[in-house]
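What follows is a single structure, written as structure tokens, with notes after it.
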Amino acid sequence: MTRRRPRGNTGHRGCFDNAAVRGLRTEWIGFNLIPMNGNAYGRPPQYPNSLLTQVGPGTPCGELMRRYWQPVGLSRQLTDLPQKVRVLGEELVLFRDRSGRPGLLYPRCMHRGTSLFYGRVEGAGLRCCYHGWLFDVEGQCLDQPCEPDGGRHRDSVRQPWYPVQERYGFVFAYLGPPQKMPVLPRYDNLESLAPGETLWCSLGGFGSTGDDSLAVVPYSWLHMNDNVMDPFHVQVLHSTFSVVQFVPQFALMPKVDFFYADHGVCYSAIRKLDDGQEVDRISSWLMPNIMSVPDVTLRAGHSAGIAWVVPVDDSHYVQAMVSKIPAGVTFRGMLLNGKTWGEMTEAEHQRTPGDYEAQAGQGPISLHSEEHLVTSDRGIMMQRRLLLQQLEVVAKGGDPVGVVFDADKALVKVRSGNFYRAAQAAG
Amino acid sequence: MTRRRPRGNTGHRGCFDNAAVRGLRTEWIGFNLIPMNGNAYGRPPQYPNSLLTQVGPGTPCGELMRRYWQPVGLSRQLTDLPQKVRVLGEELVLFRDRSGRPGLLYPRCMHRGTSLFYGRVEGAGLRCCYHGWLFDVEGQCLDQPCEPDGGRHRDSVRQPWYPVQERYGFVFAYLGPPQKMPVLPRYDNLESLAPGETLWCSLGGFGSTGDDSLAVVPYSWLHMNDNVMDPFHVQVLHSTFSVVQFVPQFALMPKVDFFYADHGVCYSAIRKLDDGQEVDRISSWLMPNIMSVPDVTLRAGHSAGIAWVVPVDDSHYVQAMVSKIPAGVTFRGMLLNGKTWGEMTEAEHQRTPGDYEAQAGQGPISLHSEEHLVTSDRGIMMQRRLLLQQLEVVAKGGDPVGVVFDADKALVKVRSGNFYRAAQAAG
Amino acid sequence: MTRRRPRGNTGHRGCFDNAAVRGLRTEWIGFNLIPMNGNAYGRPPQYPNSLLTQVGPGTPCGELMRRYWQPVGLSRQLTDLPQKVRVLGEELVLFRDRSGRPGLLYPRCMHRGTSLFYGRVEGAGLRCCYHGWLFDVEGQCLDQPCEPDGGRHRDSVRQPWYPVQERYGFVFAYLGPPQKMPVLPRYDNLESLAPGETLWCSLGGFGSTGDDSLAVVPYSWLHMNDNVMDPFHVQVLHSTFSVVQFVPQFALMPKVDFFYADHGVCYSAIRKLDDGQEVDRISSWLMPNIMSVPDVTLRAGHSAGIAWVVPVDDSHYVQAMVSKIPAGVTFRGMLLNGKTWGEMTEAEHQRTPGDYEAQAGQGPISLHSEEHLVTSDRGIMMQRRLLLQQLEVVAKGGDPVGVVFDADKALVKVRSGNFYRAAQAAG
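Chains as they are written, first to last, in this note's numbering: chain A, 625 to 1051; chain B, 625 to 1051; chain C, 625 to 1051.
Written out as structure tokens, the structure is:
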């Protein structure tokens, strides 16, 4: 396995040195002085790392996110009615014209501000309900029916719009500067479906709760992003804290290595099983909010899925998940004590907490200044370090890692998976 | 028909010239520079025209509104319990003492701040529940039962109050400076009821939704005010966009003229009908928030009604509507596909949007800086221009148009209506 | 009865002179100039007395409150699940470890911020669900299972915690500076239970609504605190305004005296009864938020109860009430017209307002600048004066009245009660 370093285009390289990162205690990860007896009185105010949590237009992380295509809708749900989309702090309207083209527009009609959510989908675009201005998927105004000649100056105005593309069951949007628009990547593990195989797609809170209770998850995208390079919580939260949420083997504390690879960070978590085998579970995180988690039942082989943690705003996200599933398989959610997450009471959530409780428990936005990161948090430190470095690359006009402008180079090789082999001697 | 110019008392006249207004593009109606391809990235922040949307005490528009009597309650509902009133950003309590006099008081008892909403209506006024201070409709303190001699100094305090009058089924209040209090106007089309005729009154969201779902409408008064001098949306929103909401004849695009008249703005919208007749639909808007819309079934004759768009606060309003109705007629709301507005789902509202969707779609307060007003918006430009000019009149100490201090001159002639005649040759 | 003056430790004495306080009109009790006719137009903005209503860390009143033990939970409810506590503007987690010790911790796990509300109660403490860090009731970190050797540096971190003690059915917490921690007081009227006697405990809104509808009361603690030294509202609100809420004798207007005593303020309210007797109802308020109200049925004898008005934040509080009840007695709430408070409609609350309506009617936080305090408000003036004086004592580093560091002096004698005697001649 190559320990390849991802690389920004402006030449910042030092931070990719794994050894240097291992002992990282950057200034923004505050270690507070604790009074002798730890009494809570008089503790200083704490604060989030806003560089990583603010995602609106013009914020460093928001601009970083805007350099990548982000999934904003499910293709199968985009039929004859416009949809409200909130992404990276922006309100937008997503629609598909009757000729089949998806479009993503600023929702307030440029004429007098009425929401195009109440617009009518037509062959050529979306028509505002109030005075009938008609816009195509690139915001061009095609008709102003209350004006002489359908609007003699209609070409001089344009409804703000964003480019979109469809792939893997999602509508992807590019919200960044037009001259920086990259190619929409392909992922090798989602290509070349076998006969009968289909793609299962979800957009919402499934990855957090294991069911479809939440259309939007009410906390920062960074909580879920941190969670990806955190193999240790699997042993505690999902395996030994209350009930076995995935498989009993996760109760084994793994031997973990973190490394930069695949435009992001990977971990290798090795567990020695009872049968003399060991399983090397490799999980991938790709810049800036993409993950490929191996099968949670420890099924052998490469991961069949990819997911994006798409910020809705600073304190909300949706997760876009897609995975190959074999013919005849139905993907269903998780049950704890026979109940879906949405069916459980708060006391039951207290007794059997999962990812949602652990992450929502960090608050709408965590207070990073009071964290105490330790050796088991090294993956998270590496992710954040890479994000911080790359948002600086973007702020300086460069192109962040993973962004590709040549369609021939836009196939991403995803290495995550559960790999079995004979157990090695302890090293 | 006279093209009379309304006139402020401080001599600002230039803005009333119709020709000058026709091509109006004032600075506050911003036309933004749009990037070459209209991409939504990097668009600048937008903002409301606060001069017209802020209505609280001391704001320019709030002070303009305060120079006119405003309807704040329905007479028939003011019985033995006090009512909460929120108007122009102020919280008040409306009540009727047992001798029949209506009163409008600041709600926090001047003694210790308890809400007079929980007060008891008595013959002489309203008694606070906490310590029994009794106030009359002009805020005079008549009793302090826990004090020696019922309060030896009770004359030195006074509960803040506003003058009220009842007419046409409403309680009107004057919230302006006492020395500027005008006469409560009469409207010729609400006077002299024929035998059996009654006044139908409504206070709430009926004018926006066509039913009684909303006690308060959750967006700026200006959205509905703009809507009044907008005859073109009738052709789109109400007639050709989804279903015919009023009558099929509104699907004809009218020939429209706007002109200043009757202390405000009027439009004349002429439609040539199939039977060789034409109908001239004249609608009136009077300063600052009063309208008289003709019958929406295009019944011939003068309009029988008047309505006020009363700001609750910057982002809410109630509409006070009153109309003569003949004996035996029951006024009922609008049905779309057999449902009232309140019974429809959001998807149904998307399919058959009406005034509520068009206006709520503009947001709680619209962002006027991004509007692109065109020739069909001339009536709205004239309204806003007049409002802006008149709030300056008020700010300079003058009296705005339509305000009358002589009871003999307080009868307003309302010219709106549907007027039929033989079609004229095209001009 | 001694007219003993409570005394701060820094020597401020002048304000305790009853005569001086009687005519008090301090600057912060604003008497506004009222326009000639009291018209509400143009009245100036009003504001709370923030010195008494702000209770967060570092605020003057917050620091005063933090010098006393405050009840934060019911012992009987603290079983196997952690509880969320919000007190004095702080979010905390209360739990009881399996060895029986109660603990109160800052809720965000010091590792990565996950809420300990989702933690697991163990023998030695509370374990975080995310990565299993284990803390004892004093915040010491006992285990970090994902770290080598269970965390080689776990002694260098400590979860912020507060001291707690249990008494009278409550968990009391001390949120102040550790070096200033006083002894948790005892109250003579809660000690020495007779055979069969028990303590009835409540934490929530019972004292405001007379039922268990509200877990938290949504207005400032000061509203309820003011209410305690206000014997006059009993005659109006509870007796003559609508229905008799307690007993008919309260409809007699009492002769009232206020005096400083028992580390706070007392009133004596004397009513001459029809049978030739008079009853002297003595009620006690102790610094800073403690009261002992006599039996509301006017049963003779000392009060059997104590209550704390514990600020949740600036605009919410809970009341902790405890009272001795004889064997076989069931404490039940108040019914008005056969309904509990929670069963009544808003119109019914208007017709029969009680403490909740009178106090909630003052708003989330009252606007003290517009109050007009009169002779019957003298008790409230004395309370506020004492609070203001004592928060200055604290701000200057002194110890406020009622705080005791010697366990032998920590028994508080509570003098409140209903005392009957032959009526005296009018004086």
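From the three backbone atoms N, C-alpha and C, an ideal C-beta is built for every residue, glycine too.
| Check | Outcome |
| --- | --- |
| Return helix, strand or coil for G1003 of chain B, following the three-state DSSP convention. | helix |
| Taking L861 of chain A as the query, report the chain C residues whose CB atoms sit under 7 Å from its CB, ordered along the chain. | C753 and Y754 |
| Checking the sheet assignment: what are the DSSP bridge partners for L718 of chain B? | B:Q707 and B:L728 |
| Quick test of your reading: E815 of chain A and I949 of chain A, contact by CB under 8 Å. State the CB separation rounded to the nearest angstrom. | With a Cβ gap of about 15 Å, E815 of chain A and I949 of chain A do not count as contacting. |
| Assign G737 of chain B to one of two classes, buried (16 or more other C-beta atoms within 10 Å of its C-beta) or exposed (fewer than that). | buried |
| Report the rounded CA-to-CA distance for Y575 of chain A versus S1040 of chain A, giving the unit in angstroms. | There is no way to answer for residue 575 of chain A, as the model of chain A reaches only from 625 to 1051. |
| For chain A, is any of its Cβ atoms less than 9 Å away from the one on H973 of chain B? | yes |
| Which residues share a DSSP beta bridge with C825 of chain B? | B:V946 |
| On the three-pair Cβ rule with 8 Å, is the stretch 859-872 of chain B touching the stretch 978-986 of chain B? | yes |
| Is F865 of chain B helix, strand or coil by DSSP? | coil |
| Report yes if the CB atom of P802 of chain A is closer than 9 Å to the CB atom of M734 of chain A, and no otherwise. | no |
| Just reading off the alpha helix (DSSP H) that E981 of chain C is part of, what are its end residues? | D979 to A984 |
| What does the alpha-carbon distance come out to for the pair Y1044 of chain A and A875 of chain A? | 17 Å |
| I'd like to check one pair, Y742 of chain A with V1027 of chain A: are the Cβ atoms closer than 9 Å? | no |
| Out of C:R722, C:E714, C:C753 and C:C685, state which residue places its alpha-carbon closest to the alpha-carbon of L702 of chain C. | C:R722 |
| Residues in its own chain within less than 8 Å of L823 of chain C by CB, not counting five upstream and five downstream? | Y792, G793, L814, L817, V946, S947, K948 and I949 |
| CA-CA distance, Q986 of chain A and G686 of chain B? | 44 Å |
| Grab the span of the alpha helix (DSSP H) containing G831 of chain B for me, first residue to last. | F830 to T833 |
| Let me know if P695 of chain C comes out buried or exposed under the rule of 16 or more other beta-carbons within 10 Å of its beta-carbon. | buried |
| For A928 of chain A, count neighbouring Cβ atoms within 10 angstroms of its own Cβ and tell me buried if that reaches 16, exposed if not. | buried |
| Any idea what DSSP makes of E790 of chain C, helix, strand or coil? | strand |
| Taking C-beta pairs closer than 7 Å, name the residues in chain E that F856 of chain B reaches, listed in chain order. | The structure shown contains no chain E; its protein chains are A, B and C. |
| If you draw a straight line from the alpha carbon of S908 of chain C to that of Y843 of chain A, how long is it in whole angstroms? | 47 Å |
| If Q942 of chain A sits next to L827 of chain A, beta carbons under 8 Å apart, how far is it from one beta carbon to the other, in whole angstroms? | With the sequence shown as reference, residue 942 of chain A is identified as Val, and Gln is not the correct amino acid for it. 6 Å between Cβ atoms; contact. |
| Let's test the definition: count the other Cβ atoms within 10 Å of the Cβ of P684 of chain A and tell me whether it reaches 16, buried, or not, exposed. | buried |
| Rank A:V711, A:E762 and A:M848 by C-alpha distance to the C-alpha of I914 of chain A and give the top, closest one. | A:M848 |
| Taking the continuous alpha helix (DSSP H) assigned at P684 of chain A, which residues delimit it? | P684 to M689 |
| How is A664 of chain C classed by DSSP in three states: helix, strand or coil? | coil |
| Report buried or exposed for H755 of chain C, applying the criterion of at least 16 other Cβ atoms within 10 angstroms of its Cβ. | buried |
| Can you tell me whether V1029 of chain A is buried or exposed? The criterion is at least 16 other CB atoms within 10 Å of its CB, across all chains shown. | For the record, residue 1029 of chain A in the displayed sequence is Phe; it is not Val. Flag for F1029 of chain A reads exposed. |
| Using CA coordinates, which residue listed in B:V880, B:R895, B:V852 and B:S892 is at the minimum distance from L910 of chain B? | B:V852 |
| What residues from the stretch 928-944 of chain A come within 9 Å of chain B, judged by C-beta to C-beta, listed N to C? | none |
| Return helix, strand or coil for E902 of chain A, following the three-state DSSP convention. | strand |
| Indicate whether at least one CB of chain A lies closer than 9 Å to the CB of Q678 of chain C. | no |
| Taking the C-alpha atoms as reference points, what is the distance between G1021 of chain B and K1033 of chain B? | 22 Å |
| Using a Cβ distance threshold of 8 Å, determine whether the stretch 933-941 of chain B contacts the stretch 707-716 of chain A, with at least three qualifying pairs required. | no |
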